[in-house]
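Each residue of the sequence shown is one higher than the last, beginning at 1 in the UniProt record's numbering. Okay, so here's the structure we're looking at.
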Amino acid sequence: MRSHTLGKRVLREAEQSLHQKELDIQEALMKTRKVEERQQGIKAGFSLAECELADKAVAKFFYMNGISFNVAGAGGVDSSFRDMCDAIRKTPTSWIPPNRKKLAGPLIDTCYSEMTKKLEERDADGGFADKFGYSYTQDGWDSVDHLPLINSAYFCAGAGSVYLRSVDTSGKSKDAEYIASLMIADIYDIGCTRVVTVVTDTCATMEKLGKYTDSCDKLRQALKHDTEHAIRELEAAIAR
């Protein structure tokens with residue numbers, strides 16, 4: 001009888017000890033979980049602070065260099081700005097941003113070559129240009145630095161549009177003759193036989209330009225394929 005009572009007491013003490021160990025383990029797990037949560041909170045706080053610092057650095061770069069906010073794109077999606085940020089994010093910590101010499105030297109040559117290749121791929125065999133021709137356009141703008149610019153571009157159905165150049169006209173008289181000289185240079189650069197239309201606005205200078213073309217042999221030669229020719233080609237294509 002005595003041994004039976006002793007056995008029950010030993011079993012009860014063992015169960016109590018086991019239960020206490022389970023409680024100790026649960027308490028240790030809770031402490032570990034709290035430490036991990038606190039560490040995650042600290043990391044999240046650091047991440048948030050780092051993101052805010054990055055946002056301010058980007059904002060200051062825009063503000064101090066007079067860069068249009070449109071450069072960031074619609075929400076930063078599908079833009080060269082987003083491409084830049086993604087590329088920087090993937091670089092190793094040892095990466096050093098390009099300096100002025102690299103930007104103005106090898107990088108500009110590389111980017112120009114890549115862009116030229118992409119433009120050539122739009123109409124590799126010249127089929128779109130031969131079929132539709134180019135529409136040339138020119139207009140005056142002010143830069144973010146308030147410089148008077150004349151921008152030019154051309155468009156081809158099927159191949160898209162191409163920005164050609166911006167000319168700083170500071171100190172120049174933007175009269176019909178000067179505008180025509182820029183237009184002639186652009187059209188010859190694009191290819192006289194491919195420019196079928198010229199698109200401008202209706203400002204006084206452009207109206208004078210229309211009259212100036214009547215007495216400008218070079219411009220008439222540059223515009224061999226005029227609007228009427230393009231219309232005839234279109235009518236012929238429709239008839240076919």
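Glycine included, every Cβ here is placed at the ideal spot set by N, Cα and C. A quick note: this is a predicted structure, and the numbers were derived from the prediction, not measured.
Exercise. Buried or exposed: where does G133 fall if 16 or more other Cβ atoms within 10 Å of its Cβ makes it buried?
Worked result: Classification of G133: buried, given that the 10 Å Cβ count is 16 or more.
For this session: Spell out the partners DSSP gives D142 in its beta bridges.
Result: Note: D142 sits in a beta bridge opposite P148.
Exercise. A153 by DSSP, collapsed to three states: which one?
Worked result: Of the three classes helix, strand and coil, the one that applies to A153 here is strand, per DSSP.
Exercise. Near A176, what residues of its chain come up, given a Cβ to Cβ distance below 7 Å and the 5 sequence neighbours on each side ignored?
Worked result: Here the set comprises T205, K208, L209, Y212.
For this session: Look at V199 and S152 and say whether their C-beta atoms are less than 7 Å apart.
Result: It is not a contact, given that the beta carbons lie outside the stated cut-off.
Problem set entry | Nearest to A159 (by Cα), restricted to the options V167, R122, M30 | Ranked by how close their Cα comes to the Cα of A159, the residues V167, R122, M30 have R122 in first place.
Exercise. Under the rule that 16 or more other beta-carbon atoms within 10 Å means buried, what is Y154, buried or exposed?
Worked result: Result: buried.
Exercise. Do the stretch 113-127 and the stretch 159-170 touch if we need at least three Cβ pairs shorter than 8 Å?
Worked result: By the C-beta criterion, the stretch 113-127 is judged to be in contact with the stretch 159-170, since at least 3 inter-stretch pairs fall below 8 Å.
For this session: Give the DSSP bridge partners of D168, in chain order.
Result: BP columns for D168 point to L149.
Problem set entry | Limits of the alpha helix (DSSP H) - the one that T197 falls within | That residue, T197, is in no alpha helix (DSSP H); its beta strand (DSSP E) goes 195-199.
Exercise. Run through DSSP, which three-state label would S80 get?
Worked result: In the three-state scheme derived from DSSP, where H, G and I count as helix and E and B as strand, S80 is classed as helix.
Exercise. Per DSSP, what kind of secondary structure is S181 in: helix, strand or coil?
Worked result: Under the three-state reduction of DSSP output, S181 falls in the helix class.
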